[in-house]
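Colleague: The structure's right below; bear with me while I get my questions together.
If you want it as structure tokens, here you go:
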């Protein structure tokens, strides 16, 4: 709820997040959380711009995919699809002709962003 609304709208009269947690504890105690399976509550200040939080999450996902090699394969497929559309005569670039070259070493200089 705090993500959708500001602290002032959710808890009028409360100035700090600490005060907000104290108000929350009056309604929902730690014992109640433990019996209902709540492991943790994280209260943090929202980013100045919501896209910053989204960018951080996407960056972490992309980093994990790069580490697993999946992103490299997807980039190669997307690049090849675009490259084949641009190449109407059926010619293949010198990088693609090199069958000994591994996909992970493929250079994506002209790959569309």
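Residue numbers (my numbering): -6 to 106.
C-beta atoms are modelled at their ideal positions from N, C-alpha and C, and glycine is treated no differently.
Please read these numbers as outputs of a predicted model, since none were measured by experiment.
(1) Starting from the C-beta of residue 16, find all residues in its chain whose C-beta is less than 7 Å away, skip the five residues before and the five after it, and write them out in chain order.
(2) Rounded to a whole number of angstroms, what is the C-alpha to C-alpha distance between residue 48 and residue 42?
(3) Does DSSP put residue 117 in a helix, a strand or coil?
(4) With DSSP as the reference, label residue 42 as helix, strand or coil.
Modeller: With the given structure in hand:
(1) Only 4 and 7 meet the Cβ criterion.
(2) Here the C-alpha atom of residue 48 lies approximately 10 Å from the C-alpha atom of residue 42.
(3) Outside the modelled stretch of the chain, which goes from -6 to 106, sits residue 117, for which no answer is possible.
(4) Residue state, collapsed to three classes: coil.
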